[in-house]
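1107 is the number that this note's numbering gives to position 85 of the sequence shown; each next residue is one higher, with no gaps.
C-beta: ideal position from N, C-alpha, C; glycine also.
Treat the numbers as computed from the prediction; the structure is a model and nothing was measured.
The structure appears below as structure tokens.
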Amino acid sequence: MTVTHQMTAILPCNDLDASEAFYARLGFSCAARHADYRILADGKGGALHLASAVEGWLVPGRNPFGLYLYSGEQTATRPHINATEFFCGSGHCPHAPRYI
């Protein structure tokens, strides 16, 4: 097995299931599932780890964490995802960065 140089973000989440479902819509699938931790991958080199946050640590609207996903395919292959889902300008978004 060849090991490549790689760094992966670990995002704290209030709701692992909702967060996993959100990232699945971006092409990520769960490579490993534990009670308080998920490892996601997109099969193209993208990886993301999700960890359960301690209760009360992440406050909706005050989450300082975020990610950038650069993909030439994102717009063409994911037309069903709009900016509102990322930024939650209105409504409850338990899976978007300000809430996870």
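Rounded C-alpha distance that separates residue i from residue j
| i | j | result |
| --- | --- | --- |
| T1030 | D1037 | 20 Å |
| R1060 | A1053 | 8 Å |
| H1039 | R1055 | Reading the sequence as shown, one finds Asp at residue 1039 and not His. Rounded to the nearest angstrom, the two C-alpha atoms are 10 Å apart. |
| N1085 | W1079 | 9 Å |
| L1072 | D1058 | 8 Å |
| L1062 | R1047 | 12 Å |
Rounded distance between the beta-carbons of residue j and residue i, thought under 8 Å
| i | j | result |
| --- | --- | --- |
| D1124 | G1049 | The structure shown has nothing for residue 1124, since the chain only spans 1023 to 1122. |
Exposure of residue i, with buried meaning 16 or more beta-carbon neighbours within 10 Å
| i | result |
| --- | --- |
| Y1045 | buried |
| A1051 | Note that residue 1051 is Ser in the sequence shown, not Ala. Exposed, since its Cβ has fewer than 16 Cβ neighbours within 10 Å. |
| E1077 | exposed |
| T1026 | exposed |
For residue i, the nearest candidate out of the options (CA to CA)
| i | options | result |
| --- | --- | --- |
| G1067 | D1039, S1041 and Y1092 | Y1092 |
| S1041 | S1074, H1027 and A1053 | S1074 |
| V1081 | A1043, P1034 and L1070 | P1034 |
| Y1090 | G1083, L1070, R1084 and W1079 | L1070 |
beta-carbon residue i near the ligand GTP non-hydrogen atom, thresh 7 Å
| i | result |
| --- | --- |
| S1051 | This structure lacks the ligand GTP, and indeed carries no ligand of any kind. |
Can you list, in chain order, the stretches of the beta strand (DSSP E) that have 3 or more residues and sit fully within the segment 1054–1078?
As far as the segment 1054–1078 is concerned, its whole beta strand (DSSP E) runs of at least 3 residues are 1059–1063 and 1069–1074.
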